[in-house]
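All residue numbers for the sequence shown refer to the UniProt record's numbering, where the first residue is 1 and numbers rise by one. All C-beta atoms, glycine included, are put in the ideal place defined by N, C-alpha and C. Computed from a predicted model, the values in this text were never measured in an experiment. Please read the structure below before turning to the comments.
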Amino acid sequence: MLGFDSCLAIDVEGRSGGLAVFWKDSSKCQVVNYTRNFINLIVKDEQWGEWRLTCYYGLPERSRRRAAWDLLRELRNMSSIPWCIIGDFNDLLSHADKKGIHPHLNGLCMGFRQAVNDCDLTDIPIEGHPFTWIKSRGTPHVIEERLDRVMASASWLQLFPQVRLSNLLASHSDHSPILLQCKPIIRTHISYSFRFENSWLKESDLEDVVVEGWGGRENLEVVDRVTRCANKLQRWGKRKRVRFKEEIDECVRQMNELRGNQDGEVSLQYQELSEKHATLLIQEEGYWKQRAKMHWLQEGDMNTRFFHMSATARSKKKKVTKLVAENGTEAHTQEELCEVAKSYFDNLFKPRDGDHDPVLNLIQPRVTDDDNFFLTAPITKVEIQQALFQMHPDKSPGPDGFNPAFYQRFWEHCSDDIFSAASTWLERGYFPTSLNETNICLIPKCDNPTSMKDLRPISLCNVLYKMISKVLANRLKCCLDKCVSQEQSAFVEGRSILDNALIATEVIHALKRKTQGRRGELALKIDISKAYDKVDWGFLRGVMIKMGFTDVWIRWVMMCVSSVNYSVLMNYDRVDPISPGRGLRQGDPLSPYLFILVTECLTALIHQSVGRGDIHGVRICRGAPEVSHLLFADDCFLLCRANVVEVNELMRILHTYEQTFFRWQIGSGENIRVMHDPWLRGKVNKWVPSPQPVGVYQLSVKDLLHDNYKAWNIAKVRNLFTVDVAERILETPLVHSVRSDKYHVAGNWNGIWKVQAPHKARHLLWRLCRGCLPTRYRLLEKRVECNLNCPVCDEEIEDEIHIFFRCAVARDSWCAAGLSSVLHNDAYQQSNALDRIFAVCSNESSDIVVHKLQSNSESRTTEVDLVRWEKPALGWVKCNVDVAFVPSSGRTSVGLCFRNNMGQVMAGMTQWQQTVMSSVEGEAWTLLLAMEETRYRGFDRVQFESDSKVLVEAIHMKRRGNSEFLSIVHDIISFMSSFLNFEVKFVRRQANSVAHTLARAANSWSIFHRFENIPLCIEHLVIKEMQ
């Protein structure tokens, strides 16, 4: 609790003696030897080298002084390295070290001085009061002596020339503590935001300040009252804090002045000061207790030092000095640390595409009308009060600085305003912006964290918000038992998480006990990474809808979940703003209950497989129930038979639950089932949602197309499906180049073996993913002794990720190849080589990424990228093409323009399609349409210009692959093989402004529009380019 890692203690003898040494691992101390009178340690300092520290207790009996002096000489001869000795010597160097009626014997002083000289020690002068021990204070027989001291060798003093020794005050001991500072302490100023101090609750004028700050009946929002009250308290608190500190300092100063005067009246005055000093220390104890977060300690002896050390230990433990970013770079400065934190949380809370319906369709309604009536009843003041007083007074405050103790103390004054505001917010459906601002406090999971994954983010919400959230949580708790399956034992009233722990223990015992039989069983324990932070808000809403919660309740919950704005606290600096798109806060009272509602979908998936017979649970004996899984909040315990079929089914369930799905590419459509396969495009679900008319469940996608050509039968689609679903279907593009139905699979071995590259390159990727490369890390696993560090950069351990992605030479190679996106793209930041290579190979333009590594070594002429439009050569026609996306309407529109060698417009075309495409697919589709239009108009010698470098390079290098993009590229290449005078060039956006403007204007015209006369929207651009 004191924040130290190691200690050595020696018991007392009677009422005297006793030694104890505490140190941290960072100090690197090694105990050499010890007795009842000393402890010898070697201190290894990275800057100053080794030196010896002796903690000493001198023999107190006068008859044994000569033995004590000989012991000092023995200690001196034990080592020749720099030496420092500290402790209670029970001896005096001179008569000046004593004050009292009986002088110290001269012979004893001389003997001690001779021992010190023999040891070549120098006494370090003490600052402050000259004596460290007192006896019979307040009587005529008072005695003061300097028994405690520090001495050091000359070599030690050379290491620490700025050493300081201070005499401190003691409240209850007859010895004064002494403080040795080897090096001066440099204190940095930190600017703190407002926080309500519990020590203020003992101030008599606090209520007046709060009443004035909160205000009376004026028409003010509660959040404005809170802000005004905080400003008043901050100004008032500064005066109190300064006065509080000054009184302690003044009290100490006066006690030091009176410390050596033993007059009767002065002794009485000293006693009064001592009592006042004790009272101030009690207030100080409350101050540090609030920061120490020792909620378990209720009442007891005053222990300010304990709370101070606990608070200091917490502060130092939370101190972050180094972080390694996702790209492998190290951050040391505060600015760099803040940037790493912001980038990490921006990526963590970024919403991801997901397919929810296959899971949500398994959830059955569970909430009754009576439950919904109870959940959505108007909140009451009593509920808010109960929620508030369920919070511990010392809980950390949110950004507004007020902890529960403030509201609990002034509830009678604030309750009406809080109740009125909370009722209004829930009724209107949104919170004030500042109410749900949240600080993220980073708690280290281990000593010396170096990665953001080593830090646990805890959300510090405003207490005003937590009152409302806790009211909703208290209501939801009453309905959880019927919403959550028996396999989940956490957070549900009437259940204990220990129940599942006991069942798990019995199951493991049964598995271990089973030693024979044809059928084996297995248990799998998994922990869901960043489980709270990755909960999709749309998925959470879908779960509540399926369970039968009313719209009012769902709106209230989503208000709490989705209105949050984060600021990360990095070493007391606020890093903001971070606006999340997903996640539940660890620190929000609602979050645990919402999370177990979401995990109910995992239970539903497992129950479905068990019901079909695809998975079988474990029975510990005949007649016992079958156990297929147990849930402990975000920890899962899964059980099945030990065979490949059931393990694969279990993996399928886990992949489904984490929202990673296949998507079909539409060829003929005959192999894709409309209701049972993921085939839709876009940022929402790839499945057609249920329920639908009965006849639809038997249809294939082919049944939704025209019989004689590949296009949607719009009338049939709109007749069969609702408006929303019909539009989703019609937005899905049909690529003519994809002739047969096939999976678009994320991450498989085919993605490596089908790459158009030399076999040795594919083989290298395979060895990399299989862990077959003889890296230093792999060699050590095979018990080959070698240095782990990379022999090229000597900065990190040489493993697969390092040599291919993190090593400085590797990073330079990626950048030189023009593939820096592989290093920085969020999609390629997996933690192991296999997942990272699969992610690269699953990308729609992966062939470009992989092939460029090969083509980079080939010498070829690179044309200068055009930055302004240039006229074609005589006899040639130039066609500029571009694509535009209109998110609001879900349209993809194209524009193309033919111009002669004078720069004059010959013809053009625009077209839009109710389709969702990726950017490279849209660029490729546009160029293919331009070539078809060229053939229609009979142009022969044509230069096509596009501002998509990815597309142009794919055509020039004749890329092949299974994605829709590369299928269209294949059609373009086939077109160009039939028309030898077709050329494709890359130009900058500035040289393609005419086509860009036409593509944007196409959305305002008919679905297909040809023109020979120049449109007004591009007339000024054409005239400018002709000049």
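Go to residue i, then tell me how far its alpha helix (DSSP H) extends in each direction, as first and last residue.
| i | result |
| --- | --- |
| residue 709 | Where residue 709 is concerned, there is no enclosing alpha helix (DSSP H), given that its DSSP letter is neither H nor E. |
| residue 432 | Per DSSP, residue 432 belongs to no alpha helix (DSSP H) and is neither H nor E. |
| residue 978 | 964-978 |
| residue 338 | 334-348 |
| residue 407 | 404-409 |
| residue 657 | 644-657 |
| residue 118 | 106-118 |
| residue 511 | 497-513 |
Since residue i contacts residue j with CB under 8 Å, what's their CB separation in whole angstroms?
| i | j | result |
| --- | --- | --- |
| residue 349 | residue 581 | 6 Å |
| residue 877 | residue 942 | 5 Å |
| residue 897 | residue 994 | 5 Å |
| residue 21 | residue 41 | 7 Å |
| residue 470 | residue 589 | 4 Å |
| residue 524 | residue 638 | 4 Å |
| residue 128 | residue 166 | 6 Å |
| residue 493 | residue 482 | Contact doesn't hold; Cβ gap of about 12 Å is too wide. |
Would you kindly check if the distance between the Cβ of residue j and the Cβ of residue i is under 9 Å?
| i | j | result |
| --- | --- | --- |
| residue 912 | residue 934 | no |
| residue 221 | residue 432 | yes |
| residue 401 | residue 461 | no |
| residue 991 | residue 969 | no |
| residue 564 | residue 575 | no |
| residue 159 | residue 48 | yes |
| residue 789 | residue 778 | no |
| residue 134 | residue 101 | no |
| residue 84 | residue 176 | no |
| residue 196 | residue 539 | no |
| residue 363 | residue 419 | no |
| residue 671 | residue 700 | yes |
| residue 59 | residue 75 | no |
| residue 438 | residue 566 | yes |
| residue 179 | residue 163 | no |
For the candidate residues the options, whose alpha-carbon lies nearest to that of residue i?
| i | options | result |
| --- | --- | --- |
| residue 157 | 322, 183, 135 | 183 |
| residue 546 | 488, 562, 366, 473 | 366 |
| residue 27 | 51, 39, 37 | 51 |
| residue 120 | 1016, 104, 73, 788 | 73 |
| residue 375 | 235, 362, 554, 70 | 554 |
| residue 254 | 239, 235, 275, 212 | 275 |
| residue 81 | 65, 54, 623 | 54 |
| residue 1069 | 872, 588, 944 | Nothing in the structure corresponds to residue 1069, since the chain is present only between 1 and 1027. |
| residue 23 | 491, 4, 416, 359 | 4 |
| residue 464 | 722, 504, 388 | 388 |
| residue 966 | 976, 977, 950, 979 | 950 |
| residue 440 | 448, 434, 451, 458 | 458 |
| residue 929 | 319, 975, 382, 899 | 975 |
| residue 734 | 720, 761, 704, 721 | 704 |
Any idea which residues DSSP pairs residue i with across the strands?
| i | result |
| --- | --- |
| residue 804 | Residue 804 is not bridged to any residue. |
| residue 909 | 896, 1010 |
| residue 331 | 323 |
| residue 133 | 145, 175 |
| residue 40 | 33, 54 |
| residue 797 | 789 |
Which residues bound the beta strand (DSSP E) around residue i?
| i | result |
| --- | --- |
| residue 51 | 49-57 |
| residue 151 | 148-153 |
| residue 32 | 29-34 |
| residue 879 | 877-886 |
| residue 641 | 635-641 |
| residue 608 | Taken as a continuous stretch (DSSP letters only), residue 608 belongs to no beta strand (DSSP E), being part of the alpha helix (DSSP H) at 591-612. |
| residue 561 | Residue 561 -> not in any beta strand (DSSP E); alpha helix (DSSP H) instead, spanning 551-562. |
| residue 181 | 178-181 |
| residue 960 | Element bounds for residue 960: n/a, residue is neither H nor E. |
| residue 21 | 19-23 |
| residue 575 | 573-578 |
CB of residue i to nearest heavy atom of the ligand HEM: below 8 Å?
| i | result |
| --- | --- |
| residue 257 | Absence of the ligand HEM is noted for the structure shown, with no ligands found whatsoever. |
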